[in-house]
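Scroll down for the structure; my scribbles are underneath it.
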Amino acid sequence: MVTQEILVVKNLSKQFSCGHKAVDQVSFELKGKECLGIVGESGSGKSTLAKCILGLEKVDQGEIWLKGKSLHKTKKEELRSIRSELQVVFQNPAAALNPKLKIIDSLMEPLDFQPNIEPSFLKGIRHQREKTAEYLFELVNLPAKYLYYYPHELSGGQKQRVTISRAISIQPSLIILDEPTASLDVTIQAKILNLLKDLQQNLGISYLFISHDLAAVHYMSDRIMVMKQGQVVDECDKHDLYSDDRHPYSKELLHVFDG
């Protein structure tokens with residue numbers, strides 16, 4: 064499939080053994096350097112959708128293409144290189160960092176395991192481990208001294224900056240941000256969102272931004288997709304979110320957001 068889109072999802076469905084259909088015939092496209100926000104209440108299916116794209120959940124029906132290549136029909140030996148185009152930042156940064164490893168070792172894992180990847184923004188220092196780590200920390204506004212700390216010695220916001228730095232380290236085309244600020248203090252949330260925006264503009268990465276927080280989704284996204292009970296019930300440009308023809312559920316979320 065030849066496409067200019069970074070990610071194409073068509074008719075995706077996922078049903079759990081209990082009979083609950085967590086994702087029901089979901090389709091969307093995500094262009095390069097674009098941020099698509101996915102919003103919905105807990106249980107709407109947005110995080111299950113992310114897990115399906117990441118390959119953490121088996122898909123029952125539908126297709127996923129990343130940069131024009133099917134994630135279901137590609138041979139295993141090719142799949143690893145394709146998936147290097149996709150990274151994720153989860154809600155809980157502590158769970159994403161090995162407590163027994165120094166931060167520098169967790170940070171450098173993607174680059175250590177994929178020595179053939181040569182990110183353009185690491186030109187000249189890619190194979191100088193400490194310089195690379197220091198530069199990656201510079202991009203997320205962290206002092207280099209934290210590279211030699213352990214996760215428990217960092218705050219929640221600092222740990223999330225580490226996971227963001229690790230996600231961008233191999234210069235992916237797409238980062239899935241699954242509730243990236245939900246576990247952080249309100250004062251830290253805005254700083255992390257601003258950092259993510261700056262990184263997107265500087266590195267040209269596409270984002271799939273998943274949250275129950277409509278304010279955060281509206282701030283981050285170019286387009287917004289609303290999910291309810293596993294289905295997409297609304298989709299619009301962020302500037303059209305307040306138009307009269309929005310779905311009733313979108314209006315409910317807006318009422319909570321404005322209230």
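Okay, so the sequence shown: first residue is 64 according to the numbering used here, each after it adds one. Beta carbons: idealized from backbone N, C-alpha and C, even for Gly. The structure presented is a predicted model; accordingly, all values stated were derived computationally and were not measured.
Residue i, DSSP secondary structure in three states
i	result
cysteine 81	coil
glutamate 201	helix
serine 306	coil
leucine 259	helix
serine 274	strand
glutamate 242	coil
leucine 237	strand
aspartate 248	coil
glutamine 177	coil
glutamine 67	coil
proline 182	coil
phenylalanine 320	helix
serine 313	helix
For residue i: DSSP bridge partner residues
i	result
phenylalanine 91	Val72
glycine 100	Phe272, Ile287
valine 86	Lys77
First through last residue of the alpha helix (DSSP H) which encompasses residue i
i	result
isoleucine 188	Neither: isoleucine 188 is in no alpha helix (DSSP H) and is coded neither H nor E.
lysine 208	Unbroken run through lysine 208: none, as it is neither H nor E.
glycine 220	219-231
serine 169	166-170
Environment of residue i [buried if 16+ CB atoms lie within 10 Å]
i	result
glycine 187	exposed
leucine 259	buried
threonine 250	exposed
tyrosine 211	exposed
cysteine 98	buried
glycine 220	buried
leucine 119	exposed
alanine 85	buried
lysine 314	exposed
glutamine 263	buried
serine 144	exposed
valine 65	Interpretation of valine 65 is limited by its pLDDT of 39, a score under 50 that renders its predicted location unreliable; no figure is taken from the coordinates.
serine 169	buried
cysteine 81	exposed
proline 156	buried
glutamine 150	buried
histidine 83	exposed
serine 306	exposed
aspartate 300	exposed
Continuous beta strand (DSSP E) stretch holding residue i: start and end
i	result
lysine 291	286-291
glutamate 298	294-300
Test: residue i CB closer than 9 Å to a CB of chain C
i	result
glutamine 177	No chain C appears in this structure, which consists of one protein chain only.
With a floor of 3 residues, list each beta strand (DSSP E) that falls wholly inside the segment 111-164, ordered by position along the chain.
-> 124-129, 149-152
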